[in-house]
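S.K.:
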Amino acid sequence: MGPSVAEGGPISKFQVPTQPSNDRYWEDPDSWDLIIIGAGISGCALAHSQAKGKKRILVLERDLSQPDRFVGEFLQPAGILKLQELGLLHCVEDIDAQKVKGLCYHFPEKNAYLPYPVHGRCLHHGRFVQRLRTAAAAHKSVTLRQAVVTALLNSEGKALDAEDAVGGVLYRTTDGVQRRAMASLTVLCDGMHSNLRAKLGRPDVMCTSPTAAVTVIGCDLGKNRDYVQLYIGEPLLIVYPISSTEVRVMIGMPGTVKPMATNGEMRQYLAQTVAPRFHESLREGFLLALETGTVRRLATKRLPAGPWQRPGAVIIGDSLNMRHPAGGTGMSVALNDVKLLTEMLEEDMDFVDREKSVRSRAAFVSRRKALASTLNMLSNLVYDMFVVKESNDRGHLLVALQGYLMWSEAYRRSLALVSAGLDERPYMILIHAAGIFAAGAWHLFLSHPSLRGLGLVLRMLREEGPTLWQLIMAEGGPLAMIP
Ligand SMILES: Cc1cc2nc3c(=O)[nH]c(=O)nc-3n(C[C@H](O)[C@H](O)[C@H](O)COP(=O)(O)OP(=O)(O)OC[C@H]3O[C@@H](n4cnc5c(N)ncnc54)[C@H](O)[C@@H]3O)c2cc1C
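The structure is reproduced here in structure tokens:
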């Protein structure tokens, strides 16, 4: 059992060739129709969708080699449908992506299966991004260039002042030269670490506890192979195949684990807290991977969406909005942003004119809310309610979740639709949360049929109610729950 391809193992037949940087600067127009910053999920999909007609599009990407990240490996059915609508479904083919039939929640006695009506995919993020880059660069109108964007510029090509519209970018190419590109519209697709979003007045990034990832090779997931498996609790575990031979174990750390714990401490923590929760085959593979492979870590971030300032620019994907990765939903939200922006540009919504762009920006944020808020709340709720509050006893909540999911197949099917991004009604999160509380209350009454039972129910509501309320407020308050 050796390291995975992403960890420097043998070259796989599914490796996707790296797109060369188009450095024919002499062919550049004086002004581009569109500049896209970042060739990740949203940037590539947007370049592809905008490449029709006579548009000249410049896509600037910091690093065109295959990304080696453990983010974005589970594409929900909603993301698959958006890919299809954008004409990019072929990008999940020939990369050894694995079909996903639904979610499996693990509980001590019995598992709960949430079936998806449309398959999702689990995949190698880097291969998927390379396929998207290939699709974008195949258009004559798209110039894909390796370069780091260092600043946004005004329409005169100078540094932005407080009130300026965005008119272009300053970028540094691999030869170390600073270059300038001007465009009527610039779209920020520069992801979670964006250092440009602050220029558009979007600085409220919140860092949460880290996520760790381990690659288990050659392990048999048995009948759960076609499901993304969630082990709710502390830490939160998500298990899924990223290829026909590799299984990803994603670990959502509770706040008590220090992000800077040494590798030795981290391995020990994972061996003690994670391995015992797995069945034999996965446990053995996981322990071996801890010994021989790499434990990778990443701080997770949250960013509520909101309108940005300045005409001449649009901001989408993680640069605009982030949530905890527990739901595996960020790519679906990013692809939905691309689809929506494409529609709005086709409707001639104006993001350039000073007056009209105010309305267009607000309309964009409002129209993306149905899907984005639903998935943001779901992802954050899973983590906040079941993992983050290390001081509380969450045993009763786990029992409540199990009770709720076992009550009725209708609940499981409904929660599956929400998780898949196929039910875009944010208030459904509140309905499911209410169902979990009701199951919790029922369980508490059964085990303590007295005033003590009532006291415990009230305590549960007092402790968990504020968590739910904070999530609602982060999405814009109670009115935002009704799309
Ligand atoms: C631990 C973790 C696990 C996750 N797991 C999932 C999952 O299973 N499913 C899911 O749907 N989502 C998941 N996500 C979220 C998902 O990865 C993101 O939502 C998605 O990648 C966002 O796409 P994007 O286009 O906005 O950004 P990205 O895909 O990150 O692309 C940004 C691009 O911009 C480039 N860039 C940045 N700055 C510059 C610059 N100044 N100049 C030039 N280029 C620049 C970067 O190099 C990068 O290529 C996860 C996130 C984390 C943190």
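Position in the sequence shown (first residue = 1) + 19 = the numbering used here. Each residue gets a CB set at the ideal place from its N, CA and C atoms; glycine is no exception. Small disclaimer: the values here were computed from a predicted structure and weren't measured.
Compute the minimum distance between the beta carbon of M272 and the heavy atoms of ligand 1, and state whether it is under 7 Å.
M.R.: No - ligand 1 has no heavy atom lying nearer than 7 Å to the Cβ of M272.
S.K.: Could you give the residue range of the alpha helix (DSSP H) that holds M479?
M.R.: That run of the alpha helix (DSSP H) goes L470 to A493.
S.K.: Leaving out the 5 sequence neighbours to the left and right, which residues in its chain are closer than 6 Å to D245 when beta-carbon positions are compared?
M.R.: Closer than 6 Å at the Cβ level, and outside the excluded window around D245, lie K120.
S.K.: From which residue to which residue does the alpha helix (DSSP H) around H67 run?
M.R.: Its alpha helix (DSSP H) spans residues I60 to Q69.
S.K.: Pairing CB atoms from the stretch 371–385 with CB atoms from the stretch 429–438, are three or more of them under 8 Å?
M.R.: No contact exists between the stretch 371–385 and the stretch 429–438.
S.K.: Terminal residues of the continuous alpha helix (DSSP H) containing V357?
M.R.: Note, V357: alpha helix (DSSP H), G349 to E365.
S.K.: What do you reckon, are the CB atoms on R386 and L359 nearer than 8 Å?
M.R.: A contact, by the Cβ cut-off of 8 Å.
S.K.: Please find out if some non-hydrogen atom of ligand 1 comes closer than 7 Å to the beta-carbon of E92.
M.R.: Correct: E92 has its Cβ closer than 7 Å to ligand 1.
S.K.: To the nearest angstrom, how far is the alpha carbon of L390 from that of E104?
M.R.: C-alpha separation (whole angstroms): 16 Å.
S.K.: Identify, in the order they occur along the chain, each residue of the same chain with its Cβ nearer than 7 Å to the Cβ of P326, setting aside the five sequence neighbours on each side.
M.R.: Excluding residues within five positions, the ones whose Cβ falls inside 7 Å are R380, A381 and V384.
S.K.: Over the uninterrupted beta strand (DSSP E) stretch that includes Q291, give me the two end residues.
M.R.: Premise fails: Q291 lies in the alpha helix (DSSP H), N282 to T292, not in any beta strand (DSSP E).
S.K.: If we ignore side chains and look at the alpha-carbon of each, how far apart do G474 and L417 end up?
M.R.: Approximately 18 Å between the Cα atoms of the pair.
S.K.: Taking only the alpha-carbon atoms, compute the straight-line gap between L255 and P445 and give it to the nearest angstrom.
M.R.: Approximately 23 Å, taken between the alpha carbons.
S.K.: Alpha carbon to alpha carbon, how far is V268 from Q287?
M.R.: Looking at the two C-alpha atoms, the distance is approximately 16 Å.
S.K.: Quick one: Cα of Q117 to Cα of Q149, how far?
M.R.: Their Cα atoms are separated by approximately 17 Å.
S.K.: Within the continuous beta strand (DSSP E) that includes A181, where are the two ends?
M.R.: Careful: A181 lies outside any beta strand (DSSP E) and carries neither H nor E.
S.K.: With DSSP as the reference, label A324 as helix, strand or coil.
M.R.: In the structure shown, A324 sits in coil (DSSP, three-state: anything other than H, G, I, E or B).
S.K.: If you measure from the CB of P344, is any heavy atom of ligand 1 nearer than 7 Å?
M.R.: Yes, Cβ of P344 sits closer than 7 Å to a heavy atom of ligand 1.
S.K.: Name the DSSP bridge partner or partners of A318?
M.R.: The partner list for A318 (beta bridge, DSSP) reads P229.
S.K.: Using the beta-carbon count (16 or more within 10 Å), is I501 buried or exposed?
M.R.: Looking at its Cβ environment, which holds fewer than 16 other Cβ atoms inside 10 Å, I501 is exposed.
S.K.: State yes or no: is the C-beta of A168 nearer than 7 Å to some heavy atom of ligand 1?
M.R.: According to the sequence shown, residue 168 is Val rather than Ala. Yes - ligand 1 has a heavy atom lying nearer than 7 Å to the Cβ of V168.
S.K.: How long is the line joining the alpha carbons of E46 and A178, rounded to whole angstroms?
M.R.: Cα to Cα, E46 sits roughly 25 Å from A178.
S.K.: Per DSSP, which one or two residues make a beta bridge with M341?
M.R.: DSSP, once it has assigned bridges, lists L322 as partnering M341.
S.K.: Whose CA, out of Y250, N282 and G237, lies closest to the CA of E265?
M.R.: Of Y250, N282 and G237, the residue nearest in Cα terms is G237.
S.K.: Measure from the alpha carbon of L463 to the alpha carbon of each residue in E443, H415, G252 and V352, then state which is nearest.
M.R.: Here the closest residue by C-alpha is H415.
S.K.: Could you compute how far the alpha carbon of P22 sits from the alpha carbon of P86?
M.R.: Note that P22 has pLDDT 41, beneath the 50 cutoff, so the model's placement of it is unreliable and no number is given.
S.K.: Restricting to runs no shorter than 3 residues, where is the beta strand (DSSP E) found entirely within the stretch 68–108?
M.R.: Here the runs fully enclosed are 76–80.
S.K.: Between the C-alpha atoms of E428 and L133, what's the straight-line distance to the nearest angstrom?
M.R.: E428 and L133: Cα-Cα distance of roughly 9 Å.
S.K.: Just to confirm my understanding: we take P36, look at its own chain, exclude 5 residues before and 5 after, and list those with CB closer than 8 Å. What are they?
M.R.: Only Q149 and T153 meet the Cβ criterion.
S.K.: Examine ligand 1 and report whether any of its heavy atoms sits within less than 7 Å of the Cβ of I56.
M.R.: Flag set: Cβ of I56 near ligand 1.
S.K.: Taking 6 Å as the limit between beta carbons, can you name the residues of its chain near M272, skipping five residues before and five after?
M.R.: Closer than 6 Å at the Cβ level, and outside the excluded window around M272, lie S228, P229 and P254.
S.K.: So for T311, helix, strand or coil by DSSP?
M.R.: DSSP places T311 in helix when its eight states are reduced to three.
S.K.: Whole angstroms is fine: what's the gap from I455's alpha carbon to M404's?
M.R.: Rounded to whole angstroms, I455 to M404 spans 11 Å at the Cα level.
S.K.: Mapping the DSSP letters down to three states, classify S50 as helix, strand or coil.
M.R.: If DSSP states are grouped into helix, strand and coil, S50 belongs with the strands.
S.K.: For T169, which of helix, strand or coil comes out of DSSP?
M.R.: Note: T169 maps to strand in three-state DSSP.
S.K.: Please work out which residues of its chain come closer than 7 Å, Cβ to Cβ, to S68, disregarding the five sequence neighbours upstream and downstream, and give them in chain order.
M.R.: For S68, where only same-chain residues beyond five positions count, the Cβ hits under 7 Å are L105, V357 and T361.
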